[in-house]
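K.L.:
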Amino acid sequence: YLLKDFKVINSLDDSIIKADWEKLYQVFFNLIENSFESTEPGGYVKIESVTNAGSINLIIKDNGKGIDPEYIEKIFEAFFTSKSSGTGLGLSICKKIIEQHSGTIQVTDSKLGFTVFEITLSIVENHSLKV
Numbered sequence: 001y002l003l004k005d006f007k008v009i010n011s012l013d014d015s016i017i018k019a020d021w022e023k024l025y026q027v028f029f030n031l032i033e034n035s036f037e038s039t040e041p042g043g044y045v046k047i048e049s050v051t052n053a054g055s056i057n058l059i060i061k062d063n064g065k066g067i068d069p070e071y072i073e074k075i076f077e078a079f080f081t082s083k084s085s086g087t088g089l090g091l092s093i094c095k096k097i098i099e100q101h102s103g104t105i106q107v108t109d110s111k112l113g114f115t116v117f118e119i120t121l122s123i124v125e126n127h128s129l130k131v
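If you count by this note's numbering, then the sequence shown holds residues 1 to 131, one letter each, in order.
#1: Spatial neighbours of Ser82 within its chain, please: C-beta separation below 7 angstroms, excluding the five flanking residues on both sides.
#2: Run through the DSSP bridge pairs and tell me what Ile47 is partnered with.
#3: When you compare the CB positions of Leu24 and His101, do they come within less than 9 angstroms of one another, or not?
#4: Less than 9 angstroms between the C-beta atoms of Asp5 and Gly64, yes or no?
#5: So for Glu37, helix, strand or coil by DSSP?
#6: Going by CA-CA distance only, name the one from Ile98, Glu77, Ile105 that's closest to Leu89.
#7: State the Cα-Cα distance for the pair Thr87 and Lys95, rounded to the nearest angstrom.
#8: Suppose you measure from the CA of Leu112 to the CA of Ile47; what does that come to, to the nearest Å?
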């Protein structure tokens, strides 16, 4: 993954989400690894986190090869892959994990060469701890 620009922009406040962090790590690792694999030297991967009313949005954007428009609808299906190797389970597992966290994951691919995965997770409204 040499010679790629990697940016992290964190705009989160002190919001809390209820999560299985090992599972979310698996999601983020998979998405970031896919971004790096599809990005040529000199390209970039950008991760952004934003707090909105009642939710946190995590955005992973790259300017890699992009996703063939005919694949966009199938990308989260189990065993679907456009790669020459792999099982086609990574993104379907990511979607399942996010849904288990009552969240959403979506992908968009622009004609300008950007692929964007956006994850939305709900914020825990009352996160005061009783001692």
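Cβ atoms here follow ideal geometry from the backbone N, Cα and C, with glycine treated the same way. Predicted model only: the values in this text are computed from it and were never measured.
P.N.:
By the coordinates alone:
#1: Cβ neighbours of Ser82 beyond the five flanking positions: Asp68, Tyr71.
#2: According to DSSP, which records beta bridges pairwise, Ile47 is partnered with Val8, Ile60.
#3: It is a contact, given that the beta carbons lie within the stated cut-off.
#4: It is not a contact, given that the beta carbons lie outside the stated cut-off.
#5: Glu37: helix per DSSP, three-state reduction.
#6: With distances taken between Cα atoms, Leu89 lies closest to Glu77.
#7: If you take the alpha carbons of Thr87 and Lys95, they lie about 15 angstroms apart.
#8: Rounded to the nearest angstrom, the gap between the Cα atoms of Leu112 and Ile47 is 18 angstroms.
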